[in-house]
Structure formats: structure tokens, C-alpha cells
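Here is the structure we will look at, set down as C-alpha cells.
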Amino acid sequence: GTAVSIWPLGEKGVDFAWLEDGGMFWPINGGGRRKSRSVVTPSTSLSDIGDKGELSQALRGDTWDVMFRADNGFLAVSAGLDKELRTYLMKME
60 GTAVSIWPLG EKGVDFAWLE DGGMFWPING GGRRKSRSVV TPSTSLSDIG
110 DKGELSQALR GDTWDVMFRA DNGFLAVSAG LDKELRTYLM KME
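Sequence positions in the sequence shown follow my numbering and run 60 to 152.
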């Protein structure tokens, strides 16, 4: 699909999750045999997984799915408009 940036509304009720070794949540490859995979969230102990516990690391990953929860809703902004939105928001501060 079209690349978008996700902007959660509010600060409470927001969380993120990704696979420790990167990759996609779906489809699960492996020819019928499930490979064990670990899901990481910002609350995962960094001492256990090093920099894999950083959301910024997951967002920089080339083929990493990042799932999110936003209890108050969210905006999905086309990647082509992301820079313009960031510039506008910086002027508001």
C-alpha cells in the first residue's frame, strides 16, 4: 500500500510493538513450521535486547512492521506530505 506516517492523537493510550529481529508480522513464513519470534514494546527491558528495544531503531528498519495502539484515534498522513506537516508543526511550537 501507500506509505504513510502515523500520528497518534494524545499521549495516553499510545503504544507500539515490533518483532525483535525485524520483519513482518504477516505472513508467517517457514513452510508450515512456526519459528519462535519475540515481540518488543517500549516497556521491554533494554538490558535483555540492546538497541532492539528502541522504537527509533524499528522505524529505521527497512522491512520492519511496527504495530501501534492509539486509544484516542490517529491521523495517517501520506509520506509525500510528511515533510510539509513536520515543517508546519515545528512553526507552531
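All residues carry an ideal CB built from backbone N, CA and C; glycine is no exception.
Looking at residue j and residue i, is the spacing between their C-beta atoms short of 8 Å?
i      : j      : result
ALA138 : LEU68  : no
ALA117 : TRP77  : yes
PHE193 : PHE127 : The question about residue 193 has no answer, for the chain in this structure spans 60 to 152.
SER64  : ASP121 : no
GLU70  : VAL99  : no
As a quick exercise: from the options, pick the residue whose alpha carbon is nearest that of residue i.
i      : options                : result
TRP85  : LEU148, TRP123, THR146 : TRP123
VAL73  : GLY82, PRO101, ALA62   : PRO101
THR103 : LEU114, ALA62, LYS94   : LEU114
Determine which residues share a DSSP beta bridge with residue i and list them.
i      : result
MET151 : In DSSP, MET151 forms no bridge with anything.
PHE133 : PRO67
ARG128 : ASP74
Please state the DSSP three-state secondary structure of residue i.
i      : result
SER64  : strand
ASP141 : helix
Note down, in chain order, each residue of its chain lying with its Cβ closer than 6 Å to the Cβ of residue i, except the 5 sequence neighbours on either side.
i     : result
SER97 : GLU79
LYS94 : none
For residue i, collect the residues of the same chain with a Cβ closer than 7 Å to its Cβ; drop the 5 residues on either side in sequence, then sort them by chain order.
i      : result
LEU144 : VAL136
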